[in-house]
Amino acid sequence: MVLRKNYMIVKNIFNKRLQRLSSNKKHHFVPKFYLKSFSDNGKNICIFNIPSEKIILDGKLKTQCYKNHFYGKEDSVEKSIGEIEGIVATLFKVIVRDSFIPKHLSRGHMYIVQYVVLQNLRTKYSSTQTNDFIDKSAKHLLKHKAIELGVDINNYKF
């Protein structure tokens, strides 16, 4: 009976953890709403693949500019970004449709500023730069302790 009770507790914890895991593993670092602006049908886009120097005339939007679990295996970051994108996507539609530009420092203007900053931070380049900064900082902070312990800190990635 105790074993079954412990099993049920572990199963419940595991199921709650699974529910928090990302249900959508494709995390786009360029939002689909933005890419749709360059599409004739809202589903495909013309792409120039730089490494292969090939032109793809009908690349699917949903398979562009994403990396599996780019923001982690849980949905929290992806959902937060999605909320901002939803607001900005609507704002961009109004701007294009009505030739309307939000006033300086208005709520609409601040959403666009937030989006631009967010867009810069979510690129692969920014992610690599941030990871490199963390790695170098950690190595700098831990170098004396590593020497004391006889550990070559350069063999580790933080």
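With the working numbering as the guide, the letters of the sequence shown map in order to residues 43 to 200. Just so it is clear, CB atoms sit at the ideal spot from N, CA and C, and this is done for glycine as well.
Ile154 - containing beta strand (DSSP E), residue span: The sequence position of residue 154 within the sequence shown is 112, counting from 1. Counting along the chain, Ile154 falls outside any beta strand (DSSP E), though it belongs to the alpha helix (DSSP H) covering Arg149 to Leu163.
Leu183 versus Phe112: straight-line alpha-carbon distance, rounded: The sequence position of residue 183 within the sequence shown is 141, counting from 1. The sequence position of residue 112 within the sequence shown is 70, counting from 1. Roughly 27 Å separates the two Cα atoms.
Tyr198, buried or exposed, once every other Cβ within 10 Å from all chains shown has been counted against 16: Numbered from its first residue, the sequence shown carries residue 198 at position 156. It counts as exposed.
For Cys107 and Phe71, believed in contact at Cβ under 8 Å, the rounded distance: Counted from its first residue, the sequence shown places residue 71 at position 29. Counted from its first residue, the sequence shown places residue 107 at position 65. Contact flag correct, Cβ pair sits at about 6 Å.
Within 8 Å, strictly: CB atoms of Glu120 and His69: Along the sequence shown, read from residue 1 onward, the residue named residue 120 stands at position 78. Along the sequence shown, read from residue 1 onward, the residue named residue 69 stands at position 27. Yes, they are a contact pair.
Counted within 10 angstroms of its Cβ, other Cβ atoms place Leu163 as buried (16 or more) or exposed: Position 121 of the sequence shown, counted from the first residue, corresponds to residue 163. The residue in question, Leu163, is exposed, as its Cβ has fewer than 16 Cβ neighbours within 10 Å.
Cβ neighbour criterion (16 or more within 10 Å) applied to Leu60: In the sequence shown, residue 60 corresponds to position 18, counting from 1. A caution first: Leu60 carries a pLDDT of 46, below 50, which makes its placement in the model too unreliable to give a value.
Boundaries of the beta strand (DSSP E) in which Lys109 is found, first to last residue: Residue mapping note: residue 109 aligns to position 67 of the sequence shown, counting from 1. From DSSP, the beta strand (DSSP E) with Lys109 extends over Tyr108 to Asn110.
CB contact flag (Leu77, Ile92, <8 Å): Position 35 of the sequence shown, counted from the first residue, corresponds to residue 77. Position 50 of the sequence shown, counted from the first residue, corresponds to residue 92. Not a contact, by the Cβ cut-off of 8 Å.
Assigned exposure category for Tyr157 - 16 Cβ within 10 Å defines buried: Indexing the sequence shown from 1 puts residue 157 at position 115. Buried.
Under the three-state DSSP convention, the category Gly192 falls into: Within the sequence shown, the letter at position 150 stands for residue 192. DSSP places Gly192 in coil when its eight states are reduced to three.
Cβ neighbour criterion (16 or more within 10 Å) applied to Ser64: Within the sequence shown, numbered from 1, the residue matching residue 64 stands at position 22. Bear in mind that a pLDDT of 48 at Ser64, under 50, signals an unreliable position, so the number given afterwards is only what the model happens to contain. Label assigned to Ser64: buried.
Boundaries of the alpha helix (DSSP H) in which Phe75 is found, first to last residue: By one-based count along the sequence shown, residue 75 stands at place 33. Element bounds for Phe75: Lys74 to Leu77.
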